[in-house]
Amino acid sequence: MRLASPASRDRIRFRIEPADLLSAIIAPIIALALRDPLLLDPGDFPAAFPAPYQYAVISAGCAIVMILAFRLSDRMGQFFSLRDAFALCGATACAVASSSAILLALTRFEGVPRSTPLIFGLVLVAGMIATRMTMRALHKDLSRKHELDSAEAEAELRRVIVVGVDRFASAAIKLTDYLRPRTTQIVAALDARPALLGRKIAGVSIVGDPSDIGAVIDEYAVHGVEVDEVWRAEDMTFLPADLLATVEAQCAARGVPIHCITEAWNFIAAPPAAAQELGAIETFETPAYFKAKRVIDICAASLLLVAAFPLAICVAYVVFIDVGAPILFWQQRIGKNGQKFLLYKFRTYRAPFDDKGRPAPEEQRLSRIGRIIRASRLDEIPQLYNVIAGQMSLIGPRPLLPQDQPEDPGPRLSVRPGVTGWAQINGGAIVTPEEKNALDLWYIKHAGPRLDLDIVIGTLLVALGGEKLNGRAVEHAIRWYRQEFAAHAASRRDAPCERETPRDRRRAVAERAERLPALDAVAMDYPYRAVEPS
49 MRLASPASRD
59 RIRFRIEPAD
69 LLSAIIAPII
79 ALALRDPLLL
89 DPGDFPAAFP
99 APYQYAVISA
109 GCAIVMILAF
119 RLSDRMGQFF
129 SLRDAFALCG
139 ATACAVASSS
149 AILLALTRFE
159 GVPRSTPLIF
169 GLVLVAGMIA
179 TRMTMRALHK
189 DLSRKHELDS
199 AEAEAELRRV
209 IVVGVDRFAS
219 AAIKLTDYLR
229 PRTTQIVAAL
239 DARPALLGRK
249 IAGVSIVGDP
259 SDIGAVIDEY
269 AVHGVEVDEV
279 WRAEDMTFLP
289 ADLLATVEAQ
299 CAARGVPIHC
309 ITEAWNFIAA
319 PPAAAQELGA
329 IETFETPAYF
339 KAKRVIDICA
349 ASLLLVAAFP
359 LAICVAYVVF
369 IDVGAPILFW
379 QQRIGKNGQK
389 FLLYKFRTYR
399 APFDDKGRPA
409 PEEQRLSRIG
419 RIIRASRLDE
429 IPQLYNVIAG
439 QMSLIGPRPL
449 LPQDQPEDPG
459 PRLSVRPGVT
469 GWAQINGGAI
479 VTPEEKNALD
489 LWYIKHAGPR
499 LDLDIVIGTL
509 LVALGGEKLN
519 GRAVEHAIRW
529 YRQEFAAHAA
539 SRRDAPCERE
549 TPRDRRRAVA
559 ERAERLPALD
569 AVAMDYPYRA
579 VEPS
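Read left to right, the sequence shown gives residues 49 to 582 (my numbering).
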């Protein structure tokens with residue numbers, strides 16, 4: 049999934065290429081001419097506007113609107129790809145559907161054959177694809193001319209043989225061709241599938257089986273070409289372990305190094321979040337309620353999304369008027385088991401930088417309307433999508449940024465993060481990070497339908513009346529946290545260490561809790577009742 053641009057760099061800019069504008073204008077005329085040339089008869093024009101000409105004007109207008117809406121002119125024609133072709137087809141389909149709906153409502157297609165919209169769509173998409181293919185071909189011709197003019201030193205190129213054929217190998221070959229100044233040349237490819245022998249991948253011939261790697265290297269040497277490296281494809285399906293061992297042995301005998309393509313291009317995967325930022329995530333026993341809670345989340349979030357859709361449209365419009373495009377704010381957060389995901393909200397802050405890249409004053413970024421939207425929690429509506437996608441739950445600990453995670457994040461990352469939670473209705477931004485962590489862990493350990501219902505009611509009260517600190521609930525959570533975790537933290541208190549351990553923050557909370565009165569037999573339950581502790 050591709051990430052969106054930062055808010056400061058994602059402003060809407062309406063542009064349309066002259067070629068696309070021309071295609072939108074002449075496509076309906078060509079469609080009418082192909083259907084029946086007599087349809088272009090002007091008749092009593094200008095006394096009467098013929099129906100075919102009405103169709104042409106409506107269709108051209110709809111096509112221009114869809115080209116702008118799909119931002120087709122933002123895609124550069126010289127880099128036209130299959131992804132761009134799908135976007136063209138989508139814009140064309142919307143243009144045909146909208147123009148047909150308008151004409152059907154106005155004239156019920158009187159005077160225009162019903163097959164004309166289909167012809168119009170084919171002509172429009174063919175015209176836009178043709179212009180982009182022409183631009184791409186022209187760009188390739190210029191690149192070839194530049195390649196000839198650059199007078200590359202072919203003898204100094206690194207010669208490489210690729211073992212295994214897959215999409216990534218094809219992309220690697222193309223990258224070596226596009227590199228300027230060119231440093232690497234793929235001279236041949238080998239693959240174990242007999243059906244591929246003699247065929248080409250990105251212009252490179254598949255000359256044999258991987259077991260023939262030694263003979264291929266020797267034969268190139270006879271032609272005066274020394275093979276410097278062998279690259280192995282990522283897909284190991286067609287390269288068994290014994291065959292790979294044979295390839296490595298033959299390369300080692302000739303002093304030719306063999307690398308995986310990702311290693312050769314330094315495309316090594318980054319360490320997982322758990323090892324890179326969060327440390328080792330400990331297992332944490334959660335109630336069985338969380339297993340059934342996923343079904344509740346899907347059903348409730350789907351119903352809420354349908355019910356809140358009109359309200360979401362209104363909020364989106366207000367956000368667009370207040371802070372401009374884009375209307376959604378996205379941010380990468382840490383979810384269940386340390387998995388990263390993109391959290392979505394309606395934007396309430398203006399972009400941190402202006403059009404010229406100058407930072408905006410922090411006090412001016414949040415508008416009065418933005419404060420109202422945030423206080424009423426309406427900016428959280430897009431997170432219903434995160435719930436349906438399985439990245440979040442309706443109720444749970446709020447997802448945090450990596451730098452805001454507690455030193456021991458395992459317990460809170462044992463469940464899906466929530467749109468709202470126990471900490472949000474008992475103080476929200478008022479409580480300290482340690483208090484918030486204690487509240488969240490208390491919820492995870494005591495989660496159930498009754499507690500979730502109280503959180504739903506509490507969320508509505510917070511949305512109407514604002515955040516208020518519930519000191520009794522916070523104190524109870526801190527006490528419980530001490531009893532649940534302090535013994536384990538105390539066992540490590542005297543352990544020597546050179547740097548801060550992952551549980552230092554937990555010990556700080558435990559030490560703070562030790563200064564509180566001992567927890568009696570009767571515990572404070574959520575949020576104002578006293579019940580027997582479970």
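Just so you know, even glycine gets a beta-carbon here, dropped at the ideal spot from N, CA and C.
The structure presented is a predicted model; accordingly, all values stated were derived computationally and were not measured.
Do you know offhand how far residue i's Cα is from residue j's?
| i | j | result |
| --- | --- | --- |
| W470 | I492 | 9 Å |
| A281 | D239 | 10 Å |
| I306 | T294 | 12 Å |
| A364 | Y433 | 15 Å |
| A340 | P445 | 17 Å |
| A67 | P90 | 26 Å |
| I382 | G475 | 22 Å |
| F93 | L166 | 26 Å |
| Q233 | L227 | 10 Å |
| A569 | L499 | Model confidence at A569 stands at a pLDDT of 34, short of 50, so the residue's coordinates are unreliable; what they give is reported in the following sentence. Going by the C-alpha atoms only, they are around 21 Å apart. |
| A185 | T155 | 43 Å |
| P409 | A312 | 45 Å |
| D290 | G212 | 15 Å |
| V16 | I473 | Beyond the ends of the chain as shown, which are 49 and 582, falls residue 16; an answer cannot be given. |
| E532 | Q387 | 26 Å |
| V366 | A217 | 48 Å |
| D456 | L136 | 49 Å |
| L103 | C110 | Reading the sequence as shown, one finds Tyr at residue 103 and not Leu. Roughly 10 Å between the two C-alpha positions. |
| F338 | L116 | 45 Å |
| L244 | I254 | 7 Å |
| A399 | R413 | 7 Å |
| V354 | C362 | 14 Å |
| F401 | F134 | 33 Å |
| D132 | R123 | 7 Å |
| I375 | R419 | 15 Å |
| W378 | D370 | 18 Å |
Determine the closest residue to residue i out of the options, with distance taken between C-alpha atoms.
| i | options | result |
| --- | --- | --- |
| R395 | I167, T334, I382 and E428 | E428 |
| A236 | G246, P229, A99 and R228 | G246 |
| S350 | S441, A525, R184 and G138 | S441 |
| V208 | R230, S148 and D276 | D276 |
| N385 | V367, G458, I417 and E410 | G458 |
| T310 | A220, L116 and R123 | A220 |
| E158 | A135, F97 and V270 | F97 |
| P454 | L489, I443 and I420 | L489 |
| A250 | G256, T224 and P497 | T224 |
| P161 | P85, G175 and S415 | P85 |
| F286 | R131, V270, P258 and A300 | P258 |
| V510 | I421, E523 and A437 | I421 |
| V278 | G256, Y268 and C299 | C299 |
Buried or exposed: residue i, going by 16 or more other Cβ atoms within 10 Å of its Cβ?
| i | result |
| --- | --- |
| G272 | exposed |
| Q451 | exposed |
| E274 | exposed |
| L172 | buried |
| P288 | exposed |
| K484 | buried |
| G519 | exposed |
| G506 | buried |
| G125 | buried |
| L487 | buried |
| R527 | buried |
Excluding the five sequence neighbours on either side, which residues of its own chain have a C-beta within less than 7 Å of the C-beta of residue i, listed in chain order?
| i | result |
| --- | --- |
| R302 | G262 and I265 |
| A108 | A72, I73 and P76 |
| I106 | S147, I150 and L151 |
| A423 | G514 |
| F168 | A75, P76, A79, S107 and V144 |
| A348 | L442 |
Between residue i and the rest of its own chain, which residues show a CB-CB distance below 6 Å, the 5 nearest in sequence each way excluded?
| i | result |
| --- | --- |
| R63 | S121 |
| P335 | A495 |
| M114 | A139, C142 and A143 |
| E65 | S121 |
| C308 | R280 |
Excluding the 5 residues preceding and the 5 following residue i in the sequence, name in chain order all residues of the same chain whose CB lies nearer than 8 Å to its CB.
| i | result |
| --- | --- |
| Q431 | L391, Y392, K393, M440 and V467 |
| L88 | I77, L80, A81 and P100 |
| S163 | R83 |
| A356 | I429 and L432 |
With a cut-off of 8 Å on the beta carbons, I'd call residue i and residue j a contact; round off their distance for me.
| i | j | result |
| --- | --- | --- |
| T231 | R206 | 6 Å |
| P481 | P465 | With a Cβ gap of about 15 Å, P481 and P465 do not count as contacting. |
| M181 | F128 | 6 Å |
| I436 | I346 | 6 Å |
| L69 | I112 | 7 Å |
Please confirm whether any heavy atom of the ligand SAH lies closer than 8 Å to the CB of residue i.
| i | result |
| --- | --- |
| V264 | For the structure depicted, the ligand SAH is absent and the ligand set is empty, with no information on it obtainable. |
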